[in-house]
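For the record, the sequence lines run as chains A and B.
Read in the working numbering, the first sequence has 451 at position 273, and its numbers run on one by one without any break.
Read in the working numbering, the second sequence has 183 at position 5, and its numbers run on one by one without any break.
Even for Gly, the Cβ is constructed at its ideal location relative to N, Cα and C.
Report on the following structure.
Protein chains: 2
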Amino acid sequence: MGHARLTAALIALAAALPGSATTLTTAEVLAQSAPQEWKEIPADRLLVMDIERGQILLELAPEFAPEHVANIRILAGQGHWDGLAILRSQDNYVVQWGDPNAEKPEARRALRQAKERLPAEFDRPVDGLPFEALLDPDAYAARTGFSLGFPVGRDADNQRTWLLHCYATLGAGRDMAADSSTGAELYVVTGHAPRHLDRNITTVGRVIEGIEHLSSLPRGTGPLGFYESPEQHVPIRRIRLAADLPESERPRRERLDTHSRSFRLLIEARRHRREEWFVNPVGRLEVCNVPLPVRTVAEG
Amino acid sequence: MGHARLTAALIALAAALPGSATTLTTAEVLAQSAPQEWKEIPADRLLVMDIERGQILLELAPEFAPEHVANIRILAGQGHWDGLAILRSQDNYVVQWGDPNAEKPEARRALRQAKERLPAEFDRPVDGLPFEALLDPDAYAARTGFSLGFPVGRDADNQRTWLLHCYATLGAGRDMAADSSTGAELYVVTGHAPRHLDRNITTVGRVIEGIEHLSSLPRGTGPLGFYESPEQHVPIRRIRLAADLPESERPRRERLDTHSRSFRLLIEARRHRREEWFVNPVGRLEVCNVPLPVRTVAEG
């Protein structure tokens with residue numbers, strides 16, 4: 179039995195013994211993680227959004243929505259969202275931004291080099307994707323777990339997979355037609371996971387930093403949480419791909435690899451809460467309650 | 179077969195047929211609900227909280243935490259929270275209020291007629307409580323459903339039940355000791371359901387209106403989302419039991435009875451989404467995603 183297998187067996191043993199001394203706390207797992215277990219988010223996957231309240235960083239998931247991510251990269255490169263606005267903040271649901279004049283053909287901002295029509299990318303084949311499974315039951319998906327840093331679902335046949343609607347998930351708004359999203363209208367989940375949206379709309383990534391600047395926005399008082407007057411719109415200063423920013427302005431972040439030993443230990447740390455405060459160590463875990471640690475890349 | 183049984187059979191049939199024409203939409207269910215399916219929330223269960231941004235209404239659950247609710251009623255009657263503050267807003271977690279000087283024996287506000295020590299009320303026997311079950315699997319509890327207007331869990335033996343930590347749940351903060359809560363320090367869930375707290379702390383009710391005034395507060399930048407300076411504290415003007423307010427100031431609300439036919443239809447409407455927008459009608463439902471409709475009692 180090799181070291182990796184022995185480790186896996188010990189993790190499984192710890193998982194079977196709630197409160198077992200071999201289960202670490204979240205803080206202990208992070209403190210003991212190895213540098214190579216952290217993966218820098220490539221600059222062409224990192225979207226940088228600036229609003230008056232602060233900066234929001236988002237990681238794109240081209241493996242799950244290649245056409246949408248390609249369009250979003252073009253739109254960011256064109257400065258498409260600069261001067262547009264956050265138009266909607268619906269309590270316990272989503273914040274959404276785009277063009278306030280999107281419905282007015284004569285006034286709306288042209289998509290220029292970006293495509294006006296994309297296929298729906300609600301899910302994809304599992305082929306070739308790594309998968310760290312969670313064993314706990316889930317209300318919505320036959321299987322849940324993590325792929326490449328994102329929470330994902332899989333169907334019972336293990337043939338299709340999709341990015342889940344958890345808190346902080348980034349999606350591409352659409353109208354009635356399944357293929358009516360372009361990526362120009364984006365939303366972020368700011369409430370309890372609206373998992374009924376899974377496989378009904380294209381999810382393209384997630385917020386990795388600064389979500390509090392979105393989640394604490396005043397709620398819109400119109401239908402669906404849209405702001406009722408233009409003065410309530412929250413202006414977007416700029417959205418750019420990190421790769422398109424001058425190096426001095428380019429944020430660098432790394433996330434704990436969801437296919438590392440420390441991430442498996444983190445899952446066990448969250449399932450069996452060894453922190454002194456817990457009377458009942460829980461012994462269960464839901465996919466959207468698993469933290470996905472991100473940190474600034476150390477200088478030098 | 180009586181009318182009620184026939185109706186139940188039709189509902190079961192509709193549930194078995196995703197997108198079946200006999201499944202109503204949420205809007206249709208509410209429009210067709212009968213007046214007697216709505217229950218007015220008694221004034222001695224309704225807590226009225228006023229802050230500068232607006233009014234928040236909370237329903238207490240004495241069946242689940244009788245000692246805590248009794249203490250909260252006494253504290254409200256004494257004006258305990260008037261002039262105290264919201265001290266914490268942690269993103270995707272909770273907002274919490276109480277006495278900024280709680281840790282300073284010489285400066286803290288006395289609890290007077292309220293008790294300084296209460297038993298932990300983390301769960302209770304199921305005896306005598308009505309239960310509307312959800313059939314979908316849940317990550318944290320053997321069974322989930324609704325009792326008396328609240329989302330609840332039950333264990334595998336069906337012997338204990340507890341109020342779940344869903345968005346809007348009201349709980350009583352505690353220190354390390356399980357019996358260290360008094361109800362003077364209260365929190366509201368403002369993020370994805372932190373279900374690992376279930377059976378680890380006493381839950382006492384839920385927000386039924388105005389949660390947006392809490393959930394959109396600026397996040398605290400200290401550890402656990404506590405505000406770092408007293409100027410950031412959000413003052414509480416007043417918290418009273420509706421029963422203690424003059425009749426002219428007393429809000430009256432009614433909620434859809436969670437043990438009514440319309441509530442069962444609402445569950446099916448949320449499980450099988452017949453709204454035109456849905457491509458995949460879902461066919462699944464998680465307990466914290468079930469809306470619990472509340473409306474103002476009609477005058478006269």
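My assumption, with CB atoms under 8 Å, is that residue i sits in contact with residue j. Please give the rounded CB distance.
i	j	result
B/H391	B/I219	Not really, about 19 Å apart at Cβ, beyond 8 Å.
B/V273	B/I417	Contact flag wrong, Cβ pair sits at about 14 Å.
A/R223	A/E310	Not confirmed; about 19 Å, so no contact.
B/V367	B/H343	6 Å
B/M354	A/E432	Not confirmed; about 34 Å, so no contact.
With distances taken from CA atoms, which of the options is nearest residue i?
i	options	result
A/H258	A/R373, A/A288 and A/L312	A/A288
A/P308	A/E432, A/G349, A/L236 and A/T339	A/T339
B/Y271	B/R384, B/Y345 and B/V475	B/Y345
A/G383	A/A292, A/L402 and A/E245	A/E245
B/R295	B/A356, B/N336, B/V304 and B/G323	B/A356
B/G461	B/L312, B/A285 and B/L253	B/L312
A/V468	B/P329, B/H374 and B/P396	B/H374
A/A465	A/P396, A/Q337 and A/V330	Rather than Ala, the amino acid found at residue 465 of chain A in this sequence is Val. Selected option, being the one with the closest Cα: A/V330.
A/N336	A/S440, A/T322 and A/D269	A/T322
A/Q256	A/A292, A/Q268 and A/W275	A/A292
A/T325	A/L202, A/A371 and A/P240	As written in the sequence, residue 325 of chain A is Ser, which differs from the Thr given in the question. Of the listed residues, the one whose Cα sits closest to A/S325 is A/P240.
B/D269	B/S426, B/V475, B/R397 and B/E281	B/R397
B/I386	B/G361, B/P459, B/P471 and B/H411	B/P471
Using only the alpha-carbon positions, how far apart do residue i and residue j sit?
i	j	result
A/H437	A/T204	17 Å
B/D277	A/S393	26 Å
A/L341	B/A317	18 Å
B/P406	B/G400	Per the sequence shown, the amino acid found at residue 406 of chain B is Glu instead of Pro. Their Cα atoms are separated by approximately 5 Å.
B/S359	B/E237	19 Å
A/R388	A/G232	Before going on, a small fix: residue 388 of chain A reads as Gly here, not Arg. Distance between the alpha carbons of A/G388 and A/G232 is about 7 Å.
A/P315	A/F456	22 Å
A/P413	A/I229	7 Å
A/D333	A/K217	28 Å
B/L463	B/N279	43 Å
B/G403	B/L364	15 Å
A/L395	B/E409	20 Å
B/P372	A/G369	12 Å
B/A319	B/F242	17 Å
A/E284	A/R415	23 Å
A/E477	A/R430	9 Å
A/N411	A/R286	Checking the sequence shown, residue 411 of chain A turns out to be His, not Asn. Distance between the alpha carbons of A/H411 and A/R286 is about 16 Å.
A/G327	B/A254	46 Å
B/T201	B/E215	19 Å
B/G306	B/D435	17 Å
B/R290	B/S426	28 Å
B/A212	A/V475	59 Å
A/A221	A/A362	20 Å
A/W275	B/V304	46 Å
A/L188	A/L444	Per-residue confidence for A/L188 stands at a pLDDT of 41, beneath the threshold of 50, marking its modelled position as unreliable; the derived number appears in the next sentence. Using only the alpha carbons, I get a separation of about 14 Å.
A/P459	B/P459	36 Å
A/D260	A/R473	27 Å
B/A193	A/R428	Note that B/A193 scores 42 on pLDDT, short of 50, meaning its location in the model is unreliable and no value can be drawn from it.
A/K282	B/S440	40 Å
Would you mind telling me which residues of chain D sit closer than 9 Å to residue i, beta carbon to beta carbon, in chain order?
i	result
B/S393	Here chain D cannot be found, since the structure's protein chains are A and B.
Counting beta carbon pairs with one atom in the segment 259 to 273 of chain B and one in the segment 295 to 304 of chain B, are three or more of them shorter than 8 Å? no
Touch test, the segment 449 to 463 of chain B against the segment 248 to 256 of chain B, Cβ-Cβ under 8 Å, three pairs minimum: no
Given 8 Å, three or more beta-carbon pairs between the segment 419 to 429 of chain A and the segment 208 to 215 of chain A: no
Which runs of the beta strand (DSSP E) fall wholly inside the segment 349 to 422 of chain B and span at least 3 residues, in chain order? 364 to 367, 380 to 387 and 412 to 419
Stretch-stretch touch, CB-based, cutoff 8 Å, three pairs: the segment 369 to 383 of chain B with the segment 345 to 357 of chain B: yes
Uninterrupted beta strand (DSSP E) stretches inside the segment 311 to 356 of chain A (no shorter than 3 residues): 321 to 325, 328 to 332, 338 to 341 and 347 to 350
Scan the segment 267 to 314 of chain B and note each continuous beta strand (DSSP E) run of 3 residues or more that stays entirely inside, going in chain order. 272 to 276 and 310 to 312
What alpha helix (DSSP H) runs, 4 residues minimum, are completely inside the segment 226 to 275 of chain B? 244 to 255
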